[in-house]
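To keep things clear, I will list the structure first and then write my remarks on it.
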Amino acid sequence: MSAPLLQIRDLAVTFAGQGRNHLQAVCGVDLDVEKGQLHGVVGESGSGKSVTMMAVMGLLSPSACVTGSVRLDGEELIGKSERAMRRIRGARIGYIFQDPMTALNPLLTVGEQISEAIRLHERKITRRSANERAVDLLRLVAIPIPERRALQYPHEFSGGMRQRAVIAMAMANEPSLLIADEPTTALDVTIQAQIMELLERLRADKGVGLVLVTHDLGVVAGAASAVSIMYSGRVVEQGHVDDVFAFPRHPYTRGLLASLPQLDHPTARLVAIPGAPPPIAMRPSGCAFHPRCPLAIERCRIEVPALRAIGASMSACHRAEDLRPLGPTTNEATHAGA
Ligand SMILES: Nc1ncnc2c1ncn2[C@@H]1O[C@H](COP(=O)(O)OP(=O)(O)OP(=O)(O)O)[C@@H](O)[C@H]1O
Ligand code: SF4
Ligand SMILES: [Mg+2]
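So for the sequence shown, this note's numbering puts the first residue at 94; every next one is plus one.
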C-alpha cells in the first residue's frame, strides 16, 4: 500500500516555560490523512489542535521543541530548514486560518494577492497568466463576477467572501493537502454551510486531502470521513466518523456528542460536559480527563491511557470496554453498560 498523503507519528510539542518548567502542549499524536480524504480534528479550546497543525507546517516559534515524525507523501518534514519549509507551504500544503483578515493584505487587491501567491512558487509564469489564474481561482470558489471582484480590496468583500478568497489563495498552487483551522468559526451559520460545501467540493473534485480543525463535532458529522478527538494535547479517540458517532469509545467523545443538538429530538435536554479543560501547566495526572469523567476510577488518576484499537476505532480510555453503543435517544451519553 502507498504511504498516506500525511502521516503524523508520535508528534510532541513542548514550549519552554518559566524557569525549568516545560509545557507539553501536544504529546504522542498519530494521525493519517489519505488523498481526497477529509479528516476532522475536534476538541475544546486549548486541546492542541492548532499547535499540532502549526508543527506540521513548521510554523511554530523556535522556542517550541518538536519531536516525532511528519511525512508528506513519504517525505519527512520535521527537521527541514525554514527555507525548505517555505517551499512546501503554499505549494504542497495550503492553509486556511480562522480569521480571513489575518491572511489578507488590506493594501492589495484580492486578485493581486492570489496572483502573488501563484508567482511565489511559479517563478516563470507571466504576470498576465497569473492574473488570469487568480480570476479562475475566484471562480472555483464560487465568487460571482470574479473578473470584477479580483480588482477589489479585502474590505470590499463580505466575511464569507473573504474566507472564499483565502481558500482560493490556499489553492493557488494546487496543493495536495489543505489544512483549515476553524475556517468557519467567524462566519454566520448559512455562510458556514456554504464554506463547508466549498471545501467538500475541492476535496471531491480536486482530490485534495483536507484536515479540518474545529471545536464543533457537528461540523465534522456531515463532512469528514475520519475524525480525531483531542483532549489536553492528546488524541483520545480516532476512527471513521460513522463508527465514532454510532459507538463512541471514549467518555469525552460521548460528552461532546451529548452536547450536540439532536435534529430528530429537538426538545431533548442537552448535556454539557461539567468543568473545563485544564491549562497545560496544571494538567491532571493519569488520564487528563479524569476530573471531568463520570466513569473515572483510581487507575485513571495514576496511569495515562494509551491510544489502542477497540472495535472499529481507537480509544485512549482504561474503561473503553465498559462502554455500550449509544441508543437513539441516549442523553446520559457517558453511561457505561447502559
Ligand atoms: N507559543 C506558545 N507558548 C506556550 N504555550 C503555548 C503556545 N502556543 C500554544 N500554547 C498552549 O498550547 C496549548 C494548545 O494550544 P492550541 O492553540 O493548539 O489549542 P487549540 O486546540 O487550537 O484551541 P482553540 O480551539 O482555542 O484554537 C494551549 O494550552 C496553549 O496555551
Ligand atoms: S481513562 Fe478513566 S478518566 Fe479517562 S476517560 Fe477513561 S474512564 Fe474516564
Ligand atoms: Mg486553535
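We put the CB at the ideal spot given by N, CA and C, even for glycine.
Local conformation of residue i per DSSP, three classes
| i | result |
| --- | --- |
| G76 | Not covered by the structure: residue 76. The range shown for the chain is 94 to 431. |
| C393 | helix |
| I373 | helix |
| R222 | In the sequence as displayed, the identity of residue 222 is Ser instead of Arg. Three-state DSSP puts S222 in a helix. |
| D125 | strand |
| A381 | coil |
| M254 | helix |
| E425 | Confidence at E425 is low in this model, with a pLDDT of 41, below 50, so the placement of that residue is unreliable and no value is reported for it. |
| Y345 | helix |
| D336 | helix |
| A431 | Annotation note: pLDDT 36 at A431 (below 50); position unreliable, coordinate value reported separately. A431 falls in the coil class under three-state DSSP. |
| V329 | strand |
| Y324 | strand |
| Q245 | coil |
| H214 | helix |
| I181 | helix |
| M262 | helix |
| V228 | helix |
| T160 | strand |
| L131 | strand |
| D166 | coil |
| R176 | helix |
| V144 | helix |
| S208 | helix |
| I203 | For the record, residue 203 in the displayed sequence is Val; it is not Ile. In this structure, V203 counts as helix in the three-state DSSP scheme. |
| A413 | helix |
| A319 | strand |
| V234 | coil |
| T195 | helix |
| A279 | coil |
| L353 | coil |
Heavy atom of ligand 3 within 7 Å of residue i beta-carbon
| i | result |
| --- | --- |
| S143 | yes |
| A137 | Per the sequence shown, residue 137 should be read as Glu rather than Ala. Every heavy atom of ligand 3 is 7 Å or more from the Cβ of E137, so no. |
| D274 | yes |
Heavy atom of ligand 1 within 7 Å of residue i beta-carbon
| i | result |
| --- | --- |
| L116 | yes |
| S208 | no |
| H308 | yes |
| S95 | no |
| I322 | no |
| P377 | no |
| S352 | no |
| I373 | yes |
| S269 | no |
Minimum C-alpha distance to residue i - residue among the options
| i | options | result |
| --- | --- | --- |
| S154 | G253, T107, V234, A261 | T107 |
| F340 | L98, D123, V306, D415 | D415 |
| D298 | L233, A402, A405, Q206 | L233 |
| F250 | N198, T160, C386, C380 | N198 |
| P247 | A286, L271, G204, E240 | G204 |
| L400 | M375, A316, L350, Q331 | Q331 |
| G368 | P354, P387, L350, D335 | P387 |
| I284 | A235, A243, V306 | A235 |
| Q287 | Y324, H411, A316, G302 | A316 |
| G161 | P371, R102, Q206 | R102 |
| D194 | L280, R176, V159, G172 | As written in the sequence, residue 194 is Met, which differs from the Asp given in the question. M194 has its Cα closest to that of L280, out of L280, R176, V159, G172. |
| D166 | A381, H383, V301, A405 | V301 |
| H115 | M254, S156, M146 | S156 |
| P418 | H411, G379, V337, P398 | V337 |
| I260 | I390, E240, Q206 | Q206 |
| D192 | S222, A273, G129 | A273 |
Near ligand 2: residue i beta-carbon under 7 Å from a heavy atom
| i | result |
| --- | --- |
| I366 | no |
| L388 | yes |
| P398 | yes |
| F495 | With the chain covering 94 to 431 only, the question about residue 495 has no answer from this structure. |
| C120 | no |
| R412 | yes |
| F382 | yes |
| C158 | no |
| P341 | no |
Rounded Cβ spacing between residue i and residue j (contact assumed at less than 8 Å)
| i | j | result |
| --- | --- | --- |
| I403 | Q117 | Between Q117 and I403 the Cβ distance is about 25 Å, and since that is not below 8 Å, they are no contact. |
| A409 | H343 | 7 Å |
| A148 | V163 | 7 Å |
| P268 | I189 | That belief does not hold up - the Cβ atoms of P268 and I189 are roughly 11 Å apart, past 8 Å. |
| G183 | L213 | 6 Å |
| L170 | T202 | Not quite, the Cβ-Cβ distance comes to about 33 Å (not below 8 Å), so this is no contact. |
C-beta neighbour in chain C for residue i, strict 8 Å
| i | result |
| --- | --- |
| A389 | Among the chains in the structure shown there is no chain C, since it carries only a single protein chain. |
Residue i: CB within 7 Å of a non-hydrogen atom of ligand 4
| i | result |
| --- | --- |
| S222 | This structure lacks ligand 4; its bound ligands are ligand 1, ligand 2 and ligand 3. |
- Could I get the ranges of all uninterrupted alpha helix (DSSP H) runs contained in the region 281–315, with 4 residues as the minimum, in chain order? 282–299
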